[in-house]
Amino acid sequence: MTSVTLHLRNEDETVTLGAALAGVMKAPCVLYLSGDLGAGKTTLSRGLIQGLGHKGAVKSPTYALVEPYEFNDMVVYHFDLYRLLDPEELEFMGIRDYFTDNSIGLIEWPDRGFGLIPEADVAILMKYDGMERIITLEAKTEKGYSMLSCINNEKK
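Just add 2 to the spot in the sequence shown (first one is 1) and you have the working numbering.
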């Protein structure tokens with residue numbers, strides 16, 4: 003199985019999916035989060051980050067470009083590249099330094115950093131269908147395939 007498509011009825015189910023992803027991922031890992039404005043990318047990220055144990059708020063890093071969340075054995079870097087004017091800006095901020103053996107990268111709007119960000123383990127496409135969200139998770143690596151297999155088994 004290289005992809006899974008889910009229909010989520012509300013924000014709570016999106017947060018729950020994020021927590022489920024947190025339960026099956028280990029650093030190093032990169033997730034791409036794509037979809038229109040308001041599709042739930044930050045909501046999914048919040049569920050994942052809180053699923054890893056973060057107790058505070060999870061805000062969109064739209065203006066800062068990146069928001070770090072430190073845990074005992076890893077760091078999650080939540081990127082939002084929506085306002086990125088030129089991918090070269092990522093070079094100036096030292097983008098490569100964020101992706102280490104103990105980091106997880108959540109990258110919203112990954113197409114805006116094309117060529118300068120690492121390949122995704124899992125690419126997630128989020129879109130609306132009426133009041134529901136349709137979420138497609140696609141494995142891009144063996145690690146991603148393993149994660150999706152675990153998620154799919156939890157949903158059964």
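Beta carbons are placed, not taken as given, at the ideal position from N, Cα and C, and that holds for glycine.
Annotation for D82: the continuous beta strand (DSSP E) segment containing it runs 77-82. Secondary-structure assignment with DSSP links V6 through a beta bridge to L139. The continuous stretches of alpha helix (DSSP H) do not include D131, which lies in the beta strand (DSSP E) extending over residues 124-131.
In the DSSP assignment, no residue is bridged to P30. Contact between the region 13-27 and the region 135-149 is established, with three or more Cβ pairs separated by less than 8 Å. Between the region 70-82 and the region 102-112, the count of C-beta pairs closer than 8 Å reaches three or more; the two stretches touch. Taking D103 as the centre and dropping the five residues before and after it, the same chain places the C-beta of A29, P30 closer than 8 Å to its C-beta, in chain order.
DSSP places V68 in the strand class (E or B) of the three-state scheme.
Put simply, of W111, T4, L83 the residue whose alpha carbon is nearest the alpha carbon of Y65 is L83. The C-beta of Y71 has 16 or more other C-beta atoms within 10 Å across all chains shown, which makes the residue buried. For G49 against L19, the beta-carbon gap comes to about 6 Å, under 8 Å, which counts as contact. Across the structure, N154 and W111 are spaced so that their CA atoms are roughly 25 Å apart. Pairing Y147 with S47, the inter-Cα distance amounts to about 19 Å. If you draw a straight line from the Cα of G55 to the Cα of D123, it comes to about 22 Å. DSSP lists M128 as the bridge partner or partners of G37.
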